[in-house]
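S.K.: Below is a structure I'd like to ask you about.
Right, dumping it as structure tokens:
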């Protein structure tokens with residue numbers, strides 16, 4: 185079948201790969217063929233492609249699904265195939281536009297784990313566009329855009345402790361910070377509102393409760 189221009193454009197960029205929330209797979213191609221497509225377009229032969237395709241499928245735990253079609257697998261599995269297709273081109277940077285938006289919690293967690301591994305083990309730069317604050321807090325750097333303009337830029341801790349400014353932009357802080365802020369407002373306490381994770385939040389609350397008990 186014909187290949188959409190959007191997909192062709194994705195694979196013409198050697199150093200930059202794109203992954204979208206709608207998976208951007210070809211339904212008439214098997215998962216194997218979807219992964220091999222960028223290699224085909226780059227002029228590789230089947231004998232050259234097969235080992236690379238199997239390596240990528242094993243790395244992303246989809247090697248048993250290769251003969252299936254996109255409509256036969258879950259959203260998380262389709263997103264893994266989309267990532268494998270992009271990785272086939274060996275990009276230095278991958279841009280992901282809300283890749284977990286259509287996934288269930290387990291699928292979201294799996295994709296985030298894969299992205300961390302790509303960055304930490306293969307040193308690929310990951311640019312993640314997301315509205316999920318629990319995903320944004322996992323980044324090394326957070327950039328907040330408003331109307332196409334950069335309005336905040338810094339580490340997750342620098343950005344998400346500015347709760348008033350975030351709300352003014354229509355965003356929320358992570359639930360851990362929201363909880364500590366609410367306790368401070370209600371109890372008149374001064375618990376540090378810099379807990380980005382559940383574990384950090386528990387540590388702040390434990391320290392606060394112990395301090396109250398000692399008084």
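Residue numbers (my numbering): 185 to 399.
Virtual Cβ for every residue (Gly too), placed ideally from N, Cα, C.
Keep in mind it's a predicted model, so treat the numbers as computed, not measured.
With residue 347 as the anchor, note down where its alpha helix (DSSP H) starts and where it stops.
M.R.: Taken as a continuous stretch (DSSP letters only), the alpha helix (DSSP H) holding residue 347 covers 347-352.
S.K.: Can you list, in chain order, the residues of its chain whose CB lies under 6 Å from that of residue 326, leaving out five sequence neighbours each side?
M.R.: Contacts found: 320, 340 and 343.
S.K.: Please name the residue or residues paired with residue 330 in a DSSP beta bridge.
M.R.: The partner list for residue 330 (beta bridge, DSSP) reads 333.
S.K.: In the DSSP assignment, find the alpha helix (DSSP H) that holds residue 270 and state where it starts and stops.
M.R.: It spans 259-271 - the alpha helix (DSSP H) in which residue 270 sits, taken as one unbroken run.
S.K.: Classify residue 321 as helix, strand or coil using the three-state DSSP reduction.
M.R.: Looking at residue 321 - three-state DSSP - the assignment turns out to be coil, as it is neither helix nor strand.
S.K.: Should residue 288 be labelled buried (16 or more other beta-carbon atoms within 10 Å of its own) or exposed?
M.R.: The residue is exposed, with fewer than 16 neighbouring Cβ atoms inside 10 Å.
S.K.: Pick helix, strand or coil for residue 221, following the three-state DSSP scheme.
M.R.: Note: residue 221 maps to helix in three-state DSSP.
S.K.: Between the region 258-275 and the region 201-211, can you find at least three pairs of beta-carbon atoms closer than 8 Å?
M.R.: These segments touch.
S.K.: Where does residue 215 fall in DSSP's three states?
M.R.: It is helical.
S.K.: Can you name, in chain order, every residue of its own chain whose Cβ lies under 7 Å from the Cβ of residue 379, other than the five neighbours on each side?
M.R.: Closer than 7 Å at the Cβ level, and outside the excluded window around residue 379, lie 360, 361, 364, 385 and 388.
S.K.: Compare the beta carbon distance of residue 292 and residue 315 with 9 Å and say whether it is the shorter of the two.
M.R.: Going by C-beta atoms, residue 292 is not nearer than 9 Å to residue 315.
S.K.: Mind checking residue 266: buried by the 16 CB within 10 Å criterion, or exposed?
M.R.: It is buried - the Cβ of residue 266 has at least 16 other Cβ atoms within 10 Å.
S.K.: Starting from the Cα of residue 286, find the closest Cα among 258, 244, 243 and 298 and give me that residue.
M.R.: With distances taken between Cα atoms, residue 286 lies closest to 258.
S.K.: Is the number of C-beta pairs between the region 246-253 and the region 213-230 that are closer than 8 Å three or more?
M.R.: Short answer: they touch.
S.K.: Three-state secondary structure (DSSP) at residue 229?
M.R.: DSSP places residue 229 in coil when its eight states are reduced to three.
S.K.: Work out the CA separation of residue 224 and residue 230 for me, nearest whole Å.
M.R.: The alpha-carbon atoms of residue 230 and residue 224 are separated by roughly 8 Å.
S.K.: For the alpha helix (DSSP H) that contains residue 370, what are its first and last residues?
M.R.: Taken as a continuous stretch (DSSP letters only), the alpha helix (DSSP H) holding residue 370 covers 359-371.
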